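**Student:** So the sequences go chain by chain: F and Y. Mind the numbering: the first sequence is residues 254 to 1052 in our numbering, read in order. Mind the numbering: the second sequence is residues 5 to 166 in our numbering, read in order. In this text, a Cβ means the ideal position worked out from N, Cα and C, and glycines have one as well. Quantities reported herein were computed from a predicted structural model and do not represent experimental measurements.
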Amino acid sequence: MSTIITDKPHAALHDLTQDPRYIGQSPERPSARRLVQGQGCYVDDIVLPRMAHVVFWRSPVAHCRITGINAEFSRLMPGVLLVADGPDLAKICKPWVATLGHLAGMKSAPQYPLAIKRACWQGEPVVAIVAETRAQAEDALQYLQVEWTLLPAAVDMETALDPDTPVIHPELGDNLCFTRSLDVGQVDAAFAGADHVLAATFEFGRHTGVTLEPRCQIADWSSAEQRLTVYHSQQAPHMMQDLYARQFSIAETAVRVICKDVGGSFGIKVHAYPDDFATVALSMMLGRPVKFVADRLESFTSDIHARHHLVKARIAVRNDGEILAFEMNDLTGIGPFSMFPRTSAIEGNQVVNLVGGPYKHQHYRAKLEVVFQNKTPTCQYRGVGHPIACAVTEGLVDLAARAIQMDPLEIRRRNVIPDDAYPCSGISGIKFEGLSHEACLARLEELMDYKALRAEQAALRVKGIYRGIGIAALIELTNPSAAFYGVGGARIASQDGATARLDPNGGVTVMVSVGEQGQGNDAIFTQIAADAVGVDMAQVRVVTGDTEVTPYGGGTWASRGAGVGGEAVLLAGQALRANILRVAAVILQREAAEIELYRGDIIDAATRAVLTPLAEVGRIAYFRSDLLPRNFTPELSVTRHYAQRDYPFIFTNGVQASYVEVDPDTGFVKLLKHWAVEDCGRVINPRLVDEQIRGAIVQGIGGAMLEECLYDSQGLMLNANMADYLVPMCAEMPDIEVAHIQTPTKSSQLGAKGAGEAGTAGAPAAVMNAINDALAPLNAQVLSQPFTPEKLLRALGKV
Amino acid sequence: MSDLQTIRLHVNGQPHSCAVPARLHLVDLLRDELGLKGSHLGCEHGVCGACTVEVDGRVVRGCLTLAVQADGRQVRTVEGMKDLPDARALQQSFIRHNALQCGFCTPGMLMAARELVQHKPDATREEVREWMSGNFCRCTGYHAIVDAVCEVLAQRNLESAA
């Protein structure tokens, strides 16, 4: 059995609090006991009085004109309460156009909760049927008659801009959503002067998130109060509160969004979907709570997709291993609409920013084209552009290493930005505060016993066994500032807040604007608050996921929960501790400097003698204000906010390695082992971080090896079910060893950077390089994900 | 669809008599009629394993089993695990190893793991991976789940040797 490996810090980590007990340790997650006993509360578990259920008729084709909707028979079915279409809902919900001001020239078209007159992708919701039960709604759906005529579709992204391809939104002029070019240094000269130029075309399959709990919500419009409550499986409750208020023209204070347990999110549940707005509209029309739970089949065509990119790229390298330049052209298709409100141009934009990221070359040229097509909209999904940029970069670096016959680890060592060069800028203009590529490479070499593994590989190759080792260095964007969305006009908070309150019995309640979808935010917030205040973890209760209860904040995305939300909790905990000591000083008639708060008691700082328990401070502060001086009021609830403002983003770095065995006769790849060395700054809870990284790696492996939304030439998804769309299961996944280098960010006291997405960023590249290392003696390579047995056999010339 | 069938079954040891439509799935009976929300619906076509429950001692997909098929049978769900020492050991081990994140797959995982503990007590790490591969977890990467199950197997083997 392998063990969790947690390293000593790279740089000495200072103590954050006077009595550090929990930060940096792996105590039990507060929610774990509840979840293993099946006592979670997910949206579909919630039953409200008079709750109705909605199902949607979705477009069965990629592009069609809706010529008639006959709901007469559906309305006659038992239990049916309402059948509504696009024009019905447009009367109360405004359309939206998802663009961002800082993505120059970006365009999209107005989108409605339910399609009006035409549907633009297979799976777009067109008609809603609400009934007393889900089964009744589904029965009635069978009797709905929708007449439609097929419209010509723009299916393939490769031909989306061709003159004879239909323009999906004629008012936009063409199918180009966004384009960006970047040219830094003397790229042509660098390529002309290189000893070797290696070019390759990388392809990434369109895939999707497959959260085990599908998207779901309950909208509950109170006609008496004119107030909306939405129970939502979502990552950004305040963002949804703002959007519901604006799209329905109601006051923000009239909207409450509650996120209880969320069954996985990964970016799938950070967007505003047409059926989200439709469900709210239906609740308003009926004056009853309406529940929507996507079934798995409709999830496949209505959850966002991601990652279909075609990247033509090249690298210039010298014989001594110095990388001189990268150049790449990225084409990506995003469906017929840019997704609301984060937009669908971010993923490609990230690829431009991140290609070549770990390295010190001075010449880089990139071009990006983001095009519309009649397929399910794509948007931000775990890793957002990173897996593409990393695979392109690291695939090219391996090609270069092979061309100059240099060890893949060695070429990376020679080219990464050195650990002592920070702060500095990357060639695309991104700002790095402090990274540790050299330390991570050294740690990886040791962790995987690189030399021994190479020897084993060579020995087995003689026996006709083809094993490969792949390495991928990476950077990951975390702790974003307002540069991500706010500057572009999207009302998505970059700051987060925490309110810490001393309860009368000495407990501490902490309300945090960052929620929990399984990462363990509840655990790390509890750890941080307990250490910051000076109480046992058992005394701390963390509350998240309710816009009416917590401070305002951004939520979970871009690996910001620990770094941004955690810092807000630390600041609030410290402030509460100071306020508690002020109250205790008054009660004890001592100077505040003479006393300390230590493990739930007020003690004498000099003698360490217990003076009074916290519960006594709470009792007097709350119930016996008559005993306190008239000019003194205890403030035992404090709120603090934090926004990262020192850099646009705080980048993390890491390196991964994959060890695989390829069967040249069948094309099957066995994943033998995976290693990750990660630098996410201060590790708050090693066990949680390690499993975040492992889960992200497996999600990356899914895209690299198994997952792809397959479409036919008409734009119909061929494998929109879990039997045909393959996700990683336990048996084919490798054991994953994780180690850490810790370079804390100086932009916060906590020093934590994000850890949620690096695994997904690096895994596809590591696996690709491992497969191609195994295939190298057979003069074959694969660069199109997912790496299916068929693609390997084609590369080997066997089919 | 109004034709109701009367079935009698035990769920976590408690007798129930229910009038159910013939098309009702077992997991919908458990969740919607009996209020046992611990069994989850992830795909409703028998692939993801989130709805895994035990019928007469063997695990089944609650989304592929009709409620009427449970007539006269003993059904066990995650809510009934508290009565079983091996299930409790698995729950503890899952907590210790952080073998769960969002928790949506966890009840089904525990059901599958308990069957493994009962039927294949000498399973190797690779065999544990094979056995558990009928349940989808999008969060953990499986590594910690495998660790958690292996630890329980090892503990039990130690106990039975002693």
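I want to verify the contact list: residues of chain Y whose CB lies under 7 Å from the CB of ASN972(F), in sequence order.
**Tutor:** Near ASN972(F) there are no residues of chain Y at all, since even the closest Cβ is about 12 Å away, more than 7 Å.
**Student:** Would you list the one or two residues that DSSP bridges to ILE1135(F)?
**Tutor:** Nothing in the structure corresponds to residue 1135(F), since chain F is present only between 254 and 1052.
**Student:** Rounded to the nearest angstrom, what separates GLY807(F) and GLN897(F) at their Cα positions?
**Tutor:** 12 Å
**Student:** Below 9 Å between beta carbons is the criterion; list the residues of the stretch 81-97 of chain Y that meet it against any residue of chain F, in chain order.
**Tutor:** THR81, VAL82, GLU83, MET85, LYS86, LEU94, GLN95, GLN96
**Student:** Going by DSSP, which residues form a beta bridge with CYS47(Y)?
**Tutor:** Paired residues: none, contrary to the question.
**Student:** So, does the CB of HIS14(Y) fall closer than 7 Å to a CB anywhere in chain F?
**Tutor:** no
**Student:** Compare the C-alpha of ALA407(F) against each of VAL604(F), TYR900(F), GLY588(F) and name the closest.
**Tutor:** GLY588(F)
**Student:** Can you give me the C-alpha to C-alpha distance between LYS1053(F) and THR482(F), rounded to a whole angstrom?
**Tutor:** No information on residue 1053(F) is available, as it lies outside the stretch 254 to 1052 that chain F covers here.
**Student:** Pull up the CB-CB distance for GLY1007(F) and GLY760(F), whole angstroms please, since I reckon it's below 8 Å.
**Tutor:** Their Cβ separation, rounded to whole angstroms, is 30 Å, which puts GLY1007(F) and GLY760(F) out of contact at 8 Å.
**Student:** Could you check the C-alpha separation between ILE781(F) and GLY293(F) for me, to the nearest Å?
**Tutor:** ILE781(F) and GLY293(F) have their alpha carbons spaced roughly 24 Å apart.
**Student:** Spatial neighbours of PRO273(F) within its chain, please: C-beta separation below 8 Å, excluding the five flanking residues on both sides.
**Tutor:** ASP784
**Student:** Can you give me the C-alpha to C-alpha distance between SER1001(F) and GLU820(F), rounded to a whole angstrom?
**Tutor:** 7 Å
**Student:** Thinking C-beta only, is GLN1038(F) closer than 7 Å to ALA957(F)?
**Tutor:** yes
**Student:** Could you tell me whether the Cβ of LYS41(Y) comes closer than 7 Å to any Cβ of chain F?
**Tutor:** yes
**Student:** Nearest chain F C-beta to GLY66(Y) closer than 7 Å, yes or no?
**Tutor:** no
**Student:** Could you have a look at PHE195(F) and say whether DSSP puts it in helix, strand or coil?
**Tutor:** Outside the modelled stretch of chain F, which goes from 254 to 1052, sits residue 195(F), for which no answer is possible.
**Student:** Can the beta-carbon of CYS106(Y) be found closer than 7 Å to that of CYS55(Y)?
**Tutor:** no
**Student:** Just mark GLY326(F) as buried or exposed, buried being the case when its beta carbon has 16 or more other beta carbons within 10 Å.
**Tutor:** Here the sequence assigns Phe to residue 326(F), which means Gly is not the residue at that position. Flag for PHE326(F) reads exposed.
**Student:** Where does GLY955(F) sit, in a helix, a strand or coil, going by DSSP?
**Tutor:** helix
**Student:** Below 9 Å on C-beta distance, what does GLU505(F) contact in chain Y?
**Tutor:** Simply none; closest approach about 29 Å.
**Student:** Would you call the CB atoms of CYS52(Y) and PHE108(Y) closer than 7 Å?
**Tutor:** Cβ distance not < 7 Å, so CYS52(Y) and PHE108(Y) don't count as in contact.
**Student:** Put TYR497(F) into one of helix, strand or coil per three-state DSSP.
**Tutor:** helix
**Student:** With distances taken from CA atoms, which of GLU424(F), VAL399(F), CYS430(F), PRO405(F) is nearest LEU414(F)?
**Tutor:** CYS430(F)
**Student:** How about LEU925(F) and PRO987(F): are their beta carbons less than 7 Å apart?
**Tutor:** When the beta-carbon positions are compared, LEU925(F) and PRO987(F) come within less than 7 Å of each other.
**Student:** Need the endpoints of the alpha helix (DSSP H) that TRP474(F) sits in, please.
**Tutor:** TRP474(F) -> not in any alpha helix (DSSP H); beta strand (DSSP E) instead, spanning 469-475.
**Student:** With respect to the beta strand (DSSP E) encompassing LYS628(F), which residues constitute its N-terminal and C-terminal limits?
**Tutor:** Looking at the DSSP string, LYS628(F) is not in any beta strand (DSSP E), and its letter there is neither H nor E.
**Student:** Between the Cα of VAL82(Y) and the Cα atoms of ARG35(Y), ALA23(Y), ASP75(Y), which residue gives the shortest distance?
**Tutor:** ARG35(Y)
**Student:** Please state if the CB of GLU769(F) and the CB of THR803(F) are separated by a distance shorter than 7 Å.
**Tutor:** No. Outside cutoff.
**Student:** So which residues of chain Y does ALA929(F) contact, with C-beta pairs closer than 7 Å?
**Tutor:** Result: empty, since nearest Cβ-Cβ is about 10 Å, beyond 7 Å.
**Student:** Which residues in the same chain have their Cβ closer than 6 Å to the Cβ of VAL308(F), if we skip the five residues on either side of it in sequence?
**Tutor:** ILE382, ALA390, GLU391, LEU394
**Student:** Among all the DSSP beta bridges, which residues are the ones paired with LEU13(Y)?
**Tutor:** HIS20(Y)
**Student:** Measuring alpha carbon to alpha carbon, tell me which residue in VAL891(F), SER555(F), ALA674(F) is nearest MET970(F).
**Tutor:** SER555(F)
**Student:** Counting C-beta neighbours from all protein chains within 10 Å, is the total for ASN572(F) 16 or more, i.e. buried, or is it exposed?
**Tutor:** By the 10 Å Cβ count, ASN572(F) comes out exposed.
**Student:** Measure the C-alpha to C-alpha separation of TYR738(F) and ASN602(F) and round it to an integer number of angstroms.
**Tutor:** 13 Å
**Student:** Which chain Y residues are close to ARG464(F), counting only those with a beta carbon under 7 Å from its beta carbon?
**Tutor:** Checking the displayed sequence, the identity of residue 464(F) turns out to be Thr instead of Arg. In chain order, ARG142 make up the part of chain Y whose C-beta sits under 7 Å from the C-beta of THR464(F).
**Student:** Which residue from SER518(F), ALA1016(F), ALA559(F), ALA973(F) puts its Cα closest to that of ILE724(F)?
**Tutor:** ALA1016(F)
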